[in-house]
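Read the sequence shown against our numbering and you will find it ends at 167, with the numbers running on by one and no gaps.
Quick reminder that beta carbons are idealized off the backbone N, C-alpha and C, glycines included.
Everything below concerns the one structure shown next.
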Amino acid sequence: MIKKITLAVWCGILLLSCDFRRKDKIADDNAKITEQALKDSTTVQLIDSLYDFGTVAEGEKVEFSYRFKNTGSKPLVIITASASCGCTVPQRPEKPILPGETGFIKVVFDSRGKVGENHKPITVTSNANPAFPQLMLQGKVEAKKQP
21 MIKKITLAVW
31 CGILLLSCDF
41 RRKDKIADDN
51 AKITEQALKD
61 STTVQLIDSL
71 YDFGTVAEGE
81 KVEFSYRFKN
91 TGSKPLVIIT
101 ASASCGCTVP
111 QRPEKPILPG
121 ETGFIKVVFD
131 SRGKVGENHK
141 PITVTSNANP
151 AFPQLMLQGK
161 VEAKKQP
């Protein structure tokens with residue numbers, strides 16, 4: 021009985037250690053891609069940096085796609101796009117933006133529970149030098165009218 025328990029514990033440890041190595045390899049690969057992208061820096065010009073959605077009713081979802089242009093000579097790689105809270109979800113382009121091309125970062129803001137003035141910064145990490153400027157989503161959310 022003790023041998024079976026010991027064997028089961030060792031098998032569990034072995035399986036867990038294999039999983040960690042795989043995650044470490046994925047993290048290392050992502051770090052190498054990020055490092056290479058930062059070495060090959062380019063420049064970016066924002067076409068849209070601020071979107072004012074005006075006034076919406078609580079519960080509505082606001083969608084907007086910020087436009088930007090790669091004005092450099094190397095592909096522009098968007099590594100991350102993140103917002104200050106979970107109510108604002110940015111979607112970065114999966115493929116690099118080639119020199120001279122225009123790219124988009126789509127943002128969806130869920131106004132549920134966000135009554136009042138809202139100012140949501142979106143931070144973008146890329147291989148742009150100088151750094152990709154911060155994007156801003158703003159507007160007012162009015163409470164639902166009670167019947």
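Check	Outcome
Report the option in G74, R87 and K165 whose CA atom is closest to the CA atom of F124.	R87
Could you tell me the distance, in whole angstroms, from the CA atom of G74 to the CA atom of G159?	5 Å
How big is the Cα-Cα spacing for D68 and V82?	16 Å
Taking 7 Å as the limit between beta carbons, can you name the residues of its chain near D60, skipping five residues before and five after?	K94 and N147
In three-state DSSP terms, what is I67?	coil
Using a threshold of 8 Å, state whether the C-beta atoms of N90 and E121 are closer than that.	yes
Given that a residue counts as buried once 16 or more other Cβ atoms are within 10 Å of its Cβ, and exposed if not, what is L96?	buried
Please report the Cβ distance between V127 and F84, rounded to the nearest whole angstrom; I am assuming they are in contact, meaning their Cβ atoms lie under 8 Å.	6 Å
If we call anything under 8 Å between Cβ atoms a contact, is T108 one with L157?	yes
Can the beta-carbon of S104 be found closer than 8 Å to that of P153?	no
Looking at the strands, I want to know which residues DSSP matches up with L118.	DSSP output for L118 lists no bridge partner at all.
Figure out for me which residue from K134, A151, M21 and Q166 has the closest Cα to the Cα of V76.	K134
Alpha carbon to alpha carbon, how far is V64 from V131? Give it in angstroms, no decimals.	In the sequence as presented, Val is not what sits at residue 131; that position holds Ser. Roughly 30 Å separates the two Cα atoms.
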